[in-house]
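Participant: Pasting a structure below so you can have a look.
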Amino acid sequence: MDIESIIRKTLLEVAEMADCTLVDNIDEHTVLLQSGLDSLGFAMLVAQLEEDLAIDPFSEMEMAVYPRTFGEFVAVYRQSLSQRD
Amino acid sequence: MRWLSDLSKIKNHASCAIIDVSSCSHTQVHFSYSDLHKRALHLRASYPHLYNQCIAISARRLSDFVSALFAFEGHCAAIYLLPKNGLSDKTRSNKSIAAGHPKQENNLVHETYNLPEYAQLFIPERADTQTLKSRQAMQNEGLNQQSTSKVSLDTQFYLATSGTSGKAKWIGHNTDSLTKAIKLKPQLTDLRWALCYEPSRFAGLQVVLQSMLSGASLLDCSEGDFETRANRMLLHKVNAISCTPSFWRQLLMQKSSESLELQHITLGGEIADHAILRALSHRCPEAKLMHIYASTELGVGFAVSDKQAGFPDKWLSEGVNGHFLKIDAQNHLRIKPNIALDKALAPLIDENGYYDTGDLVSHIKNRVIFLGRASGLINVGGAKVSPEEVEHVLLASPLVQQAKVYGKANSVLGQLVAADIVLKQPLEVSTSEAKQSLLTLSQNNLARHKIPRIIHFVSAIDANDSGKIMRHRAADETAGKPCVIENSETNHE
């Protein structure tokens, strides 16, 4: 499964656990904090991805980047995983 | 009268002091320093019977809060600061308890907030405006003289500590201890502050006092989603913000925050980590950037402005801002402050006058780095969680033999609640069913931020000789990781 699919799957699971209702048709331009996930949900998404992928790119990068859109979020993970490999 | 007098001395009396924002209608109302000064004078003149009395203020609007604060500082013997949304609509609308009525009519409020029975509830928006109008019409110039004729008192302000449950614990401060860290330079009048904290808390009160006493402007951003707040900041050209690292991270995710021309950046309420300091420094290279170590109990300890996490270890030998610092045998930071602490804190002060902050620290090279709270208290984006409270809920499950709850470092909210669980054997359900069962139990019994978001099933949990869970391990485990935040009850404001 590619990283975007993993993130989408995790996003759905976390939204249910966090009691958040996601907006329809999340695409690369969807603003993260308007996706229906609140800050706690977003924190849970990062934590769950760390559990599953053993990586938290936001704590590991030298210059912290705070992604605004879903596309930017996926790109951060893609880049971080490629550096690890 | 001191703060009220200071308010009248703001040079540009017509300049905007406060921008109130209604969370319902999003309407915005501007108040000049002249407006605030008049309102405070009228309040004081309308309630002469509150002189030398104890009151508890709860104001929904920032302008009301500030007016009452400045009206009664030096006038009342003691002021308890209640949260702005801490009273029900029914209580607020009850005319009989609008101002200055003692406990018998306010039992519920007094019990909820652990207020002394002699404290009189004061709700500024229900203040007697008819009295104000008549006094305004009658007295005009005479008002000022009348309201200042009494001897100014050394008002005690009581602020609630950021506890996790149960009744509020109140810590007393006087005017001097609250304003010790306030800067009054002429160039600070140009700052336009955003208030992102609850104003009745120590961190919020510091922002209110810094902006008001220095003649700057203050925009209420204490409510609303991040997009709304970021847009509001941009609209009003905010150039000074004090908020938690978690708040900053989410603010930086907003497009509109890129256009803010910030001059003054302050972090507090949680440990400021390397990553957020670097990001803010990169985004606003010209801004004055500092993270502040403070707490309701201690007041403002110190500000670190070298854009690095922790603080320089030379402060352990030289002190800072008149405070003396040391690390005790348990690796707790101890501070001998330059102010008198509330008497209730005496058990935490050693024979040499050093107060046990309860913050675990590590001395690494030339820095002292914060690791978290010795008590294991978890800080989820500024909201505190007692591990014992969560463990109590988990242990109620028939599936659970042992539970250890701790803070797991998280790059969004600083920490999330995590739990190690020893399941009872033989297990009659699958581990995924057990996990779901514990989540459901938690959802039914805990606030959202207290629910364990990471659950690990383990074979054993470390305990000390007396059988107590070894809580320090959680902080120790995260200590080695750079660029992460650990927990702290203390406000690193």
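Taken in order, these protein sequences are the chains called A and B. The numbering used here puts the first residue of the first sequence at 75, with every later residue one more than the last. The numbering used here puts the first residue of the second sequence at 8, with every later residue one more than the last. All residues carry an ideal CB built from backbone N, CA and C; glycine is no exception. Since we're looking at a predicted model, the values are computed, not measured.
#1: Just list the residues that DSSP pairs B:Asn181 with in beta bridges.
#2: Roughly how many angstroms lie between the CA atoms of B:Ser404 and B:Leu445, to the nearest whole one?
#3: Just confirm the distance between the C-beta atoms of B:His298 and B:Ile334, as a whole number of angstroms; I'd bet it's less than 8 angstroms.
#4: How far does the alpha helix (DSSP H) with B:Arg290 in it extend, from its first residue to its last?
#5: Tell me, please, whether the CB atom of B:Arg51 is closer than 8 angstroms to any CB atom in chain A?
#6: Along the chain, where does the beta strand (DSSP E) that runs through B:Lys415 open and close?
#7: Determine whether the beta carbon atoms of B:Arg256 and B:Val419 lie at a separation below 8 angstroms.
#8: Excluding sequence positions up to five away, which residues of its chain have a Cβ less than 7 angstroms from the Cβ of B:Ile4?
#9: Fully enclosed by the stretch 77 to 133 of chain A, which alpha helix (DSSP H) runs are 4 residues long or longer?
#10: Near B:Glu268, which residues of its chain fall below 7 angstroms by C-beta distance, leaving aside the five closest residues on each side in sequence?
#11: Counting contacts by CB-CB distance shorter than 8 angstroms, is B:Val392 in contact with chain A?
#12: Going along the chain, which residues of the stretch 102 to 124 of chain A sit with their C-beta nearer than 9 angstroms to a C-beta in chain B?
#13: Under 8 angstroms between the Cβ atoms of A:Phe144 and A:Thr104?
#14: Report the rounded CA-to-CA distance for A:Glu78 versus A:Ser156, giving the unit in angstroms.
#15: Looking at the strands, I want to know which residues DSSP matches up with B:Ser253.
#16: Would a check of beta-carbon distances place A:Asp126 closer than 8 angstroms to chain B?
#17: Which residues of the stretch 399 to 419 of chain B have a Cβ closer than 8 angstroms to any Cβ of chain A? Give them in chain order.
#18: Between which two residues does the alpha helix (DSSP H) harbouring B:Met297 extend?
#19: By Cβ distance, which residues of its chain are closer than 8 angstroms to B:Ser263, with the 5 residues on each side in sequence left out?
#20: Using three-state DSSP, classify B:Leu274 as helix, strand or coil.
#21: Compute the minimum distance between the beta carbon of A:Met91 and the heavy atoms of the ligand ADP, and state whether it is under 7 angstroms.
#22: Using a Cβ-Cβ distance under 8 angstroms, would A:Arg142 count as near chain B?
#23: Kindly indicate which residue of B:Glu440, B:Arg99, B:Leu115, B:Pro394 has the alpha-carbon position closest to the one of B:Arg380.
#24: Would you call B:Glu205 buried or exposed, if buried means 16 or more other Cβ atoms sit within 10 Å of its Cβ?
#25: Would you mind giving the Cβ-Cβ distance between A:Gly115 and A:Ala89, rounded to the nearest angstrom? I have them listed as a contact below 8 angstroms.
#26: For A:Ser133, decide whether its Cβ has a neighbour in chain B, counting only Cβ atoms nearer than 8 angstroms.
#27: Where does the unbroken alpha helix (DSSP H) through B:Asp366 begin, and where does it stop?
#28: Using C-beta distances below 7 angstroms, list every residue in its chain close to B:Leu402, excluding the 5 sequence neighbours before and after it, in chain order.
#29: Beta-carbon within less than 6 angstroms of B:Asp587's beta-carbon, same chain only, minus the 5 sequence neighbours each way: which residues are those?
#30: For B:Gly421, does the three-state DSSP call read helix, strand or coil?
#31: Using DSSP with H/G/I as helix, E/B as strand and the rest coil, what is B:Asp13?
#32: Pick from B:Arg199, B:Val436, B:Asn359, B:Glu304: whose alpha carbon is nearest that of B:Ala210?
#33: With a CB to CB cut of under 6 angstroms and the five nearest residues on each side skipped, what residues in its chain are close to B:Ser218?
#34: For chain A, is any of its Cβ atoms less than 8 angstroms away from the one on B:Phe233?
#35: When the distance is taken between beta carbons, is B:Leu259 closer than 8 angstroms to A:Tyr151?
#36: For the beta strand (DSSP E) holding B:Val400, just list the boundary residues, first then last.
Facilitator: Taking the geometry as given:
#1: B:Gln163
#2: Straight-line Cα distance between these residues: approximately 7 angstroms.
#3: Not a contact, Cβ separation roughly 19 angstroms.
#4: Segment 281 to 290, the alpha helix (DSSP H) holding B:Arg290.
#5: no
#6: 407 to 417
#7: Yes, the pair counts as a contact, with Cβ atoms nearer than the cut-off.
#8: Because residue 4 of chain B is not part of the residues shown, which for chain B are 8 to 500, the question remains open.
#9: 77 to 91, 113 to 127
#10: Asn246
#11: no
#12: Val105, Leu106, Leu107, Gln108, Asp112, Ser113, Leu114, Phe116, Ala117, Met118, Leu119, Val120, Ala121, Gln122, Glu124
#13: Yes. Within cutoff.
#14: In this model, A:Glu78 and A:Ser156 are separated by some 13 angstroms (Cα to Cα).
#15: BP columns for B:Ser253 are empty, so no partner.
#16: When Cβ-Cβ separations below 8 angstroms define contact, A:Asp126 makes no contact with chain B.
#17: The residues in question are Lys415, Ala416, Asn417, Ser418, Val419.
#18: It is not in any alpha helix (DSSP H) - B:Met297 instead sits in the beta strand (DSSP E) that spans 295 to 302.
#19: Glu234, Ala237, Asn238, Met240, Leu241
#20: strand
#21: The ligand ADP is absent from the structure shown, which contains no ligand whatsoever.
#22: yes
#23: B:Pro394
#24: buried
#25: The pair is a contact, with the Cβ atoms about 6 angstroms apart (cut-off 8 angstroms).
#26: yes
#27: Counting along the chain, B:Asp366 falls outside any alpha helix (DSSP H), though it belongs to the beta strand (DSSP E) covering 362 to 371.
#28: Ala410
#29: What the structure shows of chain B is the stretch from 8 to 500, and residue 587 of chain B is not part of that stretch, so it cannot be assessed.
#30: strand
#31: helix
#32: Minimum Cα distance to B:Ala210 is reached at B:Glu304.
#33: Spatial neighbours of B:Ser218 in its own chain (CB-CB distance under 6 angstroms, excluding positions within 5 residues in sequence) are listed in chain order as Trp200, Leu225.
#34: yes
#35: no
#36: Premise fails: B:Val400 lies in the alpha helix (DSSP H), 394 to 401, not in any beta strand (DSSP E).
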